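Numbered per this note's numbering, the sequence shown spans residues 412 to 543.
Have a look at the structure below before the remarks.
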Amino acid sequence: MPMGSFFNYPSMTEIRYKHLRFLITNSPADENVQSFIEACLKYGVTVLVRVSEKTYDAKPIEAAGIKVYNLEYPDGSAPDSIVRDKWLNIVRENKNGCIAVHCVHGLGRSPVLVAMALREAGMNRQESWNHP
């Protein structure tokens with residue numbers, strides 16, 4: 412597959428712990444948002460949290476029944492207390508569905524938020540970083 416077409420396909424990692432379900436993913440674009448929606452629906456995603464800058468129109472995702480939240484914070488930094496509190500509230504309010512969370516590549520900001528939620532649910536720090 413040519414390097415440029417990698418981003419036409421969603422890259423997703425499912426995380427399960429106790430009652431929590433997360434889907435860490437790279438950011439979709441307007442060009443591939445439909446395949447992104449289809450993949451999210453296969454995992455039962457009910458909420459999508461965008462932590463990077465907006466690169467696509469969220470309306471088609473919301474039209475598919477997925478609630479979209481924007482919790483943007485700078486790449487390479489820790490989320491501030493406002494982002495942290497909003498994130499943990501989203502997690503608490505959506506215990507029965509799968510929460511998808513994405514940054515640009517799904518490698519930095521998204522896993523940080525998921526690890527934070529895992530710690531809040533009782534997982535120890537080392538496990539939260541090594542959890543498959």
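Each residue gets a CB set at the ideal place from its N, CA and C atoms; glycine is no exception.
Nothing here was measured: the structure is a model prediction, and the numbers come from that model.
- The residue from Ala450, Val444, Glu442 with its alpha-carbon nearest to that of Thr424 is Ala450.
- Bridge pairing for Leu459: Val479, Ala511 [DSSP].
- Under the three-state reduction of DSSP, Met527 is assigned to helix.
- If you draw a straight line from the Cα of Gly476 to the Cα of Met534, it comes to about 30 angstroms.
- For the pair of segments examined, the stretch 521–535 was found not to touch the stretch 443–459: the number of CB pairs separated by less than 8 angstroms stays below three.
- In summary, Arg520 is buried, with 16 or more beta-carbon neighbours lying within 10 Å of its beta-carbon over all protein chains present.
- Taken atom to atom, the span from the alpha-carbon of Ser438 to that of Val462 is near 9 angstroms.
- In the structure shown, the three-state DSSP call for Glu464 is coil.
- Looking at the backbone, the Cα of Lys478 and that of Val494 are separated by about 17 angstroms.
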